[in-house]
Amino acid sequence: MSSERPRQRRRRSAHATLAAHGEPWVWITAGSLALTIVMIVGLLAFIAVRGAATFWPVPLELVHLADGRRVLGEVTQREAGMAPRGEVAGRPARRLLRSGDFAATGTHSEWIDDSAIADTSRPEWATVVERMEGGRLHGFPRRLLHGAEVVAEGPAATWEAFCREHPAARRRLHEVRHIDKVERGTLQRELRAARLAVVRAGLDSGAGSPQEAAAAESAGQVVARVTAEEKKLDERTAALRERNAGWGIEFETASGAVTAVPMDAVVRGWQPNRLSVAGRLGVYASRWAEFLADDPREANSAGGVFPAIWGTVVMTLMMALLVAPFGVLAALYLREYASRGPVTTAVRVAINNLAGVPSIVYGAFGLGFFCYGLGAGIDELFFKASLVADGQPTFGTGGLLWASLTLALLTLPVVIVATEEALSAVPNSMREGSYACGAGKWQTIRRIVLPRALPGIMTGLILAMARGAGEVAPLMLVGVKKLALDLPVDGTFPFVHPEREFMHLAYLIYDVGFQSPDSQAARPMVFTITFLLVAIIALLNVAAIWVRSRLRRRYVSQQF
Amino acid sequence: MQVADSQKRDMTPEAGGTADASPTDRLQAVAAGREVDSEVHDAVLQEPPVLEVDRFNLWYGAKQALHRITMPIPLHKVTALVGPSGCGKSTLLRSVNRLNDLVQSVRITGDMRLNGDSIYDPRMDVIDLRKRMGMVFQKPNPFPMSIYENVVYSLRIDGERNRGVLDEVCEASLRGAALWDEVKDRLQDSALGLSGGQQQRLCIARAIAAEPEVLLLDEPCSALDPIATGKVEDLIQELRGRYSVLIVTHNMQQASRTSDYTAFMYLGRLIEYGPTTDIFTKPILRETESYVTGRFG
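Sequence lines, in order, name chains A and B.
If you want my numbering, it's the 1-based position in the first sequence plus 1440.
If you want my numbering, it's the 1-based position in the second sequence plus 1.
Below is the structure:
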């Protein structure tokens, strides 16, 4: 600070420079960013909270109505009342009870006016039972039966006995299911292969030829062997079923009806009003585990979504694998080889326009071209036997490969545009350096330009994956099914089955949300599936971003 | 000081006209678009040439950037090209290894000969030609790969796989570029992690790895700090005698320190060309003197 007085000068007012300071622009830009963040975070938080809450055990309320009826259920929604005002009629406060007594009442949930309620309570032994079939059951444990013998009576004793016997019964059931699915499935496949061999021999060498006879003979041997083995399996499953048979648990519902549930048909049961926090956490974790690792049941509205998770991930990765080489090569030609001119510009505009074509159009194209065109041709050439024997197309219908290809086509513009950007960002000095060393054009591209552009290309792939993983409309046409328990990639030879139909989380959202018979039960599932899909896409993206940052460190970072 | 200022103003082509400062006659003639003769000292002509530029003209579209350049580049000597910005030094350098081919709209007449082989002969394979030369650019441009791979790049693109050969060339080139001791323990690290000066010496190592007949240096020190510049200049000194070096520079001291011969260019013409000591102490033309002593440019 100098003591000298500054010379008086005429200067412009500080206020006149508001625009120069750019203060309003800071506010506007920051404001729009904040708005965007609020919307995105808000949506994600909403999905996450609702999705995470689905499996939390909520208390059961026993409601005594004024007319003497009793309803036991979870309160899923409450509505405040509205006083009548002038012409407008009022509305009493009411609550939505998920009653879980479908067999007796015929409804899954019920609106109950608060004014009609005489009394509510939370009885200790009110039990939620998830069944294999027939939805939830809310009731009180009454008796545990083993054939005609009553093993236990009264809620506490029944439940204790149930908890003792239930795990073993479930294990036996799982074993039966494993035998049915894996071992019996293997036999069925062998049988089918033998049968197809006969048909193929007939097609190749003519009906009645010695080759066909030989194939028929070996098929006969296979049939005999398979029948013998199936008999053994039948014995094993029958023995397991035998041990489970007769075990049952009776519940008394709020309406007074008694429902008996076979022991092995109970997925799990809990008394929400009795549970400690740790107990609730246990139920919560067990339901999440089932959701992530199991097959769906009850028209996808309960159980797990594992096939859909698997289908989504496999399809997205396969799409990325297919779109990357196509997009990168196309962009390479456009940027590095094609001479600048009206044609190149037109091609570029066309590519950008492709990004705006409705995705269902891609679906229709995929169905027409890939499934009915390419796929039918492949069937005709290589899978004729199956076509003749079962009238069943192999590749001539929707499947993982066609779905991945369709989505690859859909995301191609994104990859091309991003790759072109990345290529044009490679400094010319690097290209010149390479040329000056005597490298040819392709050598320069392969050794210098492509490695340097890789991070940018990865960005394009990330965008493409995010877009592709969230698509539903085209998938409905080219291979996604409501239920497809055979995974497209599994442990049976040849491990990847690109012709198989598969499940997809995004389609599952639509299916569970809008096609489910019990919409009240399905709604929380929709949030959970959405949450899961968003999480999976985020996970895939994070993985790709991690790869990209490694590449960037290796190829781009330039320190001076 | 006053005089120098007024001269500087007159030197700029836009100023034109006022013919009061006599040392600038030739430059004004050039600025006015007339052709002038080059003053080439006899000493240059007596050296055996590695590269001969022969009546070379070059146009960027309609604009002529080089006018009838005729100059021999002596074998195993360092030749510096000096001159104000935009005088065509870099264009001339990039014409030698035909990097200008990459620029559309470039048109040339005349020829250059590398050890007697016509560079602009249609039968000349440009890739073969570039393999016979090495080039170092203004900004260090290491490739996005390891130090080792950078150095042996020109061998790699020729398909050399023999580890022994590659190792040998890598070490020899890095030693030749005075970089070996600094990087020998991290040859597999990314070249992008080196400092600017190291990167430029790496580029020189890369350029000499293929044993070029001519080494082209395009202002190799313009992006470097004084210490790194000193190292690169020492390196150029060491390359003298083994390689024929053609260096473009803006720095008069650098030209006088490192080169055997110096050519002064102005607006696409070769003005004067001779032994560096003569150019800097007793040039034939006063224009050259006023440029190299820093009175304009």
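All residues carry an ideal CB built from backbone N, CA and C; glycine is no exception.
What Arg1892 of chain A touches in chain B, judged by beta-carbon distance under 7 Å, is Pro145, going in chain order. Per DSSP, the beta bridge partners of Val1568 of chain A are A:His1578, A:Trp1710. Taking CB atoms only, Gly1744 of chain A has no neighbour in chain B less than 8 Å away. If you look at Asp55 of chain B, you'll find it isn't in any alpha helix (DSSP H); it sits in the beta strand (DSSP E) that goes 50–61.
Under the three-state reduction of DSSP output, Leu1925 of chain A falls in the coil class, being neither helix nor strand. In the DSSP assignment, Ile74 of chain B falls within the unbroken beta strand (DSSP E) covering 64–75. Within the model, the alpha-carbon separation for Glu273 of chain B versus Tyr1777 of chain A is close to 42 Å. By the neighbour-count criterion, in which 16 or more other beta carbons inside 10 Å mark a residue as buried, Asp219 of chain B falls on the buried side. Among the residues facing chain A, Leu216 of chain B is not included, as its CB has no counterpart in that chain under 8 Å away. Scanning chain A for C-beta atoms nearer than 7 Å to the C-beta of Ser155 of chain B yields Cys1877, Gly1878, reported in chain order. In the three-state DSSP reduction, Asp279 of chain B falls in the helix class (H, G or I). In this structure, A:Gly1839 is the residue among A:Gly1839, A:Asn1713, A:Asp1819 with its C-alpha nearest to the C-alpha of Met1755 of chain A.
For Phe1809 of chain A, no pairing in a beta bridge is given by DSSP. At a C-beta separation below 9 Å, Arg131 of chain B has these neighbours in chain A: Tyr1875, Ala1876, Cys1877, Gly1878, Ala1879.
A Cβ-Cβ contact shorter than 8 Å links Ala1946 of chain A with Val1912 of chain A. In the DSSP assignment, Val215 of chain B falls within the unbroken beta strand (DSSP E) covering 215–219. Only residues of its own chain outside the window of five on either side were considered, and among them Leu1643 have a CB closer than 7 Å to the CB of Lys1824 of chain A, listed in chain order. Chain order gives the chain A residues near Ile128 of chain B as Gly1878, Gly1880, where near means a beta carbon separation below 7 Å.
Here Val41 of chain B really is in contact with Met72 of chain B; their C-beta atoms are around 7 Å apart, less than 8 Å. With a cutoff of 8 Å on beta-carbon distance, Ala1641 of chain A and Glu1652 of chain A are scored as near each other. Restricting attention to B:Glu212, B:Met146, B:Val127, the CA atom closest to the CA of Asp102 of chain B is found in B:Val127.
Contact between Gly84 of chain B and Phe281 of chain B is absent: CB atoms are separated by about 14 Å, not below the 8 Å threshold. If one requires a minimum length of 3 residues, the beta strand (DSSP E) runs lying completely within the stretch 103–174 of chain B are 107–115, 134–137, in chain order. For Gly1803 of chain A, the CB contacts under 8 Å within the same chain, skipping 5 residues up- and downstream, are Thr1846, Ala1913, Pro1914, Leu1915, Met1916, Leu1917, Val1918 in chain order.
When CB distances to chain A are screened at a threshold of 9 Å, the residues of the stretch 188–200 of chain B falling below it are Ser191, Leu193, Gly194, Leu195, Ser196, Gly197, Gln200, in chain order. Bounds of the alpha helix (DSSP H) holding Ser1864 of chain A are 1840–1864.
Within its own chain, the residues whose Cβ lies closer than 8 Å to the Cβ of Asp261 of chain B, once the five positions on either side in sequence are excluded, are Pro75, Lys78, Val79, Thr80, Arg241, Pro276, Thr277, listed in chain order. Taking Ile1902 of chain A as reference, the option from A:Leu1772, A:Val1855, A:Asp1735 with the minimal CA-CA separation is A:Val1855. 8 Å or more divides the Cβ of Cys1877 of chain A from the Cβ of Ser96 of chain B. In this structure, the alpha-carbon of Thr1560 of chain A lies about 13 Å from that of Asp1553 of chain A.
Close to Val1768 of chain A, with beta-carbon spacing below 7 Å, lies no residue of chain B; the smallest spacing is near 17 Å. Residues of chain B whose Cβ lies closer than 7 Å to the Cβ of Gln1883 of chain A are, in chain order, Ile158. Annotated three-state conformation of Trp1599 of chain A is helix, per DSSP. For Arg1582 of chain A, same chain residues with a beta-carbon under 7 Å away, outside a window of 5 residues either side, are Thr1598, Glu1690, Phe1691, Glu1692, Val1698 in chain order. For the pair of segments examined, the stretch 1699–1719 of chain A was found to touch the stretch 1497–1514 of chain A: the number of CB pairs separated by less than 8 Å reaches three. In the DSSP assignment, Glu1820 of chain A falls outside any beta strand (DSSP E) and lies within the alpha helix (DSSP H) extending over 1816–1822.
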